[in-house]
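Mapping the sequence shown onto the working numbering, position 107 (from 1) lands on 119, and the numbers just tick up by one. Positions of the beta carbon are idealized from the N, C-alpha and C atoms, including for glycine. For clarity, every value in this text was computed on a predicted model and none was experimentally measured. Notes to accompany the following structure.
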Amino acid sequence: MRIGIVGATGFIGRHTVAELVGRGHHVRAFGRDLMQLDLLPVHGDVAVIRHDTNWIALLDGLDGLVIATGSLNGPGMIEAHRDLPRRIAKAARLRGLPRLVLVSAVGASSHAPTRFLRSKAEGEAAILAKKPPGWTILRPSLVYGPGGRSMQFLAAVAALPIRLRLDSGPLRPILVDDVAGAIADLLESSQPLPDAIDAVGPRSLDINAYVDALGSWLGLRARCAVRIPTGLIVAAATVGTTLHLSLLDRDAITMLVAGAHGDPDALGRLTAVRPRTVMDGLKRYPASRADHMAARLGPWPHCLRQSLALLWVGTGLVSVVNLQDGTSLLREAGIDGRIALGVTLGGAMWDVLLGAAALLKPFRGMATIAQAATILLYTAIATALLPGLWGDPLGRLLKNIPLFVATLLLAQISRRSDHG
13 MRIGIVGATG FIGRHTVAEL VGRGHHVRAF GRDLMQLDLL PVHGDVAVIR HDTNWIALLD
73 GLDGLVIATG SLNGPGMIEA HRDLPRRIAK AARLRGLPRL VLVSAVGASS HAPTRFLRSK
133 AEGEAAILAK KPPGWTILRP SLVYGPGGRS MQFLAAVAAL PIRLRLDSGP LRPILVDDVA
193 GAIADLLESS QPLPDAIDAV GPRSLDINAY VDALGSWLGL RARCAVRIPT GLIVAAATVG
253 TTLHLSLLDR DAITMLVAGA HGDPDALGRL TAVRPRTVMD GLKRYPASRA DHMAARLGPW
313 PHCLRQSLAL LWVGTGLVSV VNLQDGTSLL REAGIDGRIA LGVTLGGAMW DVLLGAAALL
373 KPFRGMATIA QAATILLYTA IATALLPGLW GDPLGRLLKN IPLFVATLLL AQISRRSDHG
């Protein structure tokens, strides 16, 4: 079969590409990043998605299609969940596409408590309107496996010195390999398909048991545990939403607390897939050193970024408030009058700008590199004008050494996350 996958570079999309190629199908991959598309094993049959993409032309020659686009939050969520499926469904009907699988989510409903699930339901409606018999919606529970962001987040929770205990509804996590296998089976089936199919794991557990399983996968035992009140979780979600933390925003926490439960027998009735338990699924991918490092790093790079941004903004504001201290330091170096005032104010404004830019995703990589360069520049100037500062008991120049190294580390981590 010739099968198209929209969202082929995403978590579920990548694994579905591998599953279909492994079964001998020809895959046409659609995504937004050409560099990532070129890394897929699809022999160059790729297309970059744009708002004005001509889907009627791109679907030419396909026997089936998978729509596996998703975004937990942000301005792209409605586009990924509602608008894009609408445009694709319209083109697929005109093309007479016989098989189509939309990857949605357990709990998707117009009355769901989160925008994520409501927008998923709007995408489902576009598929279900005048649905051909070979079209269906797959509703996975919490999907885990290599590269899964929710698994990375909860593995980081498992790696904390204190094991956090949260109240949650029942979960049925499912391995991404099982989801990919189910998608392939549904595309290969010649039978009419139901409107929607739950894709969930065989056993129900709460979030604490799932985190413990991830801890065991990492070889980490909980030395002690602390139960987190629901009110504190809500407060953390509010802060996370403000700071645009994708896995710690209000929707993510709401869904985590509510749980993700469905019919564990649904896949068995329609596919050859028998979902694995969490422990069996994790055994397929033993934790590597990279997994251990990622889990232990967890939220700390983000905390470092926020604290460094606060340092730069705070230093700039303090310099403006205490202009006299800044100019007196320059006076010791022989710089006085308007020049000293201009240098102090200019440096303060630059510090505030660097701190603010580091909080904005499009600029944070460049801003962090600029911070490192600025530390070197400030240190070099201070060394040339006031070398005695190296002997300052408060370490006014000595502390620049670890600050510079921490900034370079953050720049490298930001670079990797922006391209991964």
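What does the alpha-carbon distance come out to for the pair residue i and residue j?
| i | j | result |
| --- | --- | --- |
| L230 | I265 | 23 Å |
| L172 | M305 | 12 Å |
| G76 | L199 | 6 Å |
| L52 | I351 | 57 Å |
| W147 | L420 | 50 Å |
| G22 | R343 | 57 Å |
| T250 | R99 | 33 Å |
| V285 | P152 | 13 Å |
| P414 | L388 | 12 Å |
| G280 | Q318 | 47 Å |
| L397 | H314 | 35 Å |
| L112 | L282 | 15 Å |
| V223 | G338 | 50 Å |
| V33 | I195 | 13 Å |
| V118 | A69 | 32 Å |
| I90 | D348 | 56 Å |
| R262 | T395 | 48 Å |
| S202 | P110 | 10 Å |
Please state whether DSSP places residue i in a helix, a strand or coil.
| i | result |
| --- | --- |
| G328 | helix |
| G16 | strand |
| H431 | A caution first: H431 carries a pLDDT of 45, below 50, which makes its placement in the model too unreliable to give a value. |
| L176 | strand |
| T386 | helix |
| V54 | coil |
| R111 | strand |
| L199 | helix |
| H461 | The displayed coordinates of the chain run from 13 to 432. Any statement about residue 461 would go beyond what the structure contains. |
| D64 | coil |
| G193 | helix |
| D224 | helix |
Can you name the start and end residues of the beta strand (DSSP E) that residue i belongs to?
| i | result |
| --- | --- |
| V60 | V58 to V60 |
| I79 | G76 to I79 |
| G43 | H38 to G43 |
Terminal residues of the continuous alpha helix (DSSP H) containing residue i?
| i | result |
| --- | --- |
| G338 | L335 to E344 |
| L32 | F23 to G34 |
| H304 | R301 to L309 |
| N85 | Where N85 is concerned, there is no enclosing alpha helix (DSSP H), given that its DSSP letter is neither H nor E. |
| Q164 | R161 to A170 |
| R94 | No alpha helix (DSSP H) holds R94; DSSP gives it neither H nor E. |
| D363 | G349 to A369 |
| A120 | A120 -> no alpha helix (DSSP H), and no H or E assigned at all. |
| K142 | Unbroken run through K142: none, as it is neither H nor E. |
| L71 | It is not in any alpha helix (DSSP H) - L71 carries neither H nor E in the DSSP assignment. |
| L205 | Neither: L205 is in no alpha helix (DSSP H) and is coded neither H nor E. |
Which residues does DSSP pair with residue i in a beta bridge?
| i | result |
| --- | --- |
| A392 | In DSSP, A392 forms no bridge with anything. |
| W211 | According to the sequence shown, residue 211 is Ala rather than Trp. In DSSP, A211 forms a bridge with P152. |
| L187 | Y156 |
| L217 | L183 |
| W147 | L112 |
Runs of alpha helix (DSSP H) wholly within the stretch 232 to 297 (minimum 4 residues, chain order): For the alpha helix (DSSP H) assignment, the uninterrupted runs of no fewer than 4 residues enclosed by the stretch 232 to 297 are, from N- to C-terminal side, 242 to 254, 262 to 270, 278 to 282 and 290 to 295.
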